[in-house]
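Below is one structure; the comments refer to it alone.
In the numbering used here, the protein residues as written are 1305 to 1456.
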């Protein structure tokens, strides 16, 4: 299991996601231009002292991630997806992909991968969940499906 953030913009979200990745043993990947630097105080504060234990890889763009995982099982999280996140079966090597806080994932990417797009249920008049909450929700469902391997 892996988490992929595409061009994250808010440092506190990435810090919280990093902490979630550490406590679940999940590698974190970031693709594209970030709206902050990993060294920023807000990112570090949100991730507390978990940063040294984080398995982090930064890629120049989404294409580089796809090249690194040509057989990858990518699942794209979007509030515009037809399938709910809990209705699909995540592969043990799944990559859970999340977009920018303000724009989500590119429309073309979602259209090209419509059958691999999932959403988290929410009230119709609301736009979306906080990115860190969405990552946590999706990741724990995928881990639950595999019996929470290596957890105590």
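Glycine residues also receive a C-beta, built at the ideal position from the N, C-alpha and C atoms.
Bear in mind that the values here come from a model prediction, so they are computed numbers and not experimental data.
Counterpart residues of residue i in DSSP-defined beta bridges
{"i": "residue 1379", "result": "1400"}
{"i": "residue 1388", "result": "1423"}
{"i": "residue 1413", "result": "In DSSP, residue 1413 forms no bridge with anything."}
{"i": "residue 1335", "result": "1310 and 1363"}
Residues near residue i in its chain [Cβ-Cβ closer than 6 Å; skip 5 each side]
{"i": "residue 1321", "result": "1436 and 1439"}
{"i": "residue 1404", "result": "1311 and 1313"}
{"i": "residue 1399", "result": "1306, 1308, 1376 and 1378"}
Pair within 8 Å by beta-carbon distance, residue i and residue j
{"i": "residue 1442", "j": "residue 1389", "result": "yes"}
{"i": "residue 1401", "j": "residue 1409", "result": "yes"}
{"i": "residue 1319", "j": "residue 1347", "result": "yes"}
{"i": "residue 1365", "j": "residue 1332", "result": "no"}
{"i": "residue 1383", "j": "residue 1349", "result": "no"}
{"i": "residue 1396", "j": "residue 1450", "result": "yes"}
{"i": "residue 1335", "j": "residue 1368", "result": "yes"}
{"i": "residue 1340", "j": "residue 1356", "result": "no"}
Limits of the beta strand (DSSP E) - the one that residue i falls within
{"i": "residue 1407", "result": "No beta strand (DSSP E) contains residue 1407, which DSSP labels as neither H nor E."}
Cutoff 8 Å; reference residue i; Cβ partners in own chain excluding five residues on either side
{"i": "residue 1445", "result": "1389, 1390 and 1394"}
Where the alpha helix (DSSP H) containing residue i begins and where it ends
{"i": "residue 1329", "result": "It is not in any alpha helix (DSSP H) - residue 1329 carries neither H nor E in the DSSP assignment."}
{"i": "residue 1441", "result": "1435-1449"}
Residues near residue i in its chain [Cβ-Cβ closer than 7 Å; skip 5 each side]
{"i": "residue 1447", "result": "1305 and 1328"}
Contact between the region 1305-1322 and the region 1420-1429 (3+ Cβ pairs under 8 Å): no
Using a Cβ distance threshold of 8 Å, determine whether the region 1321-1341 contacts the region 1410-1422, with at least three qualifying pairs required. no
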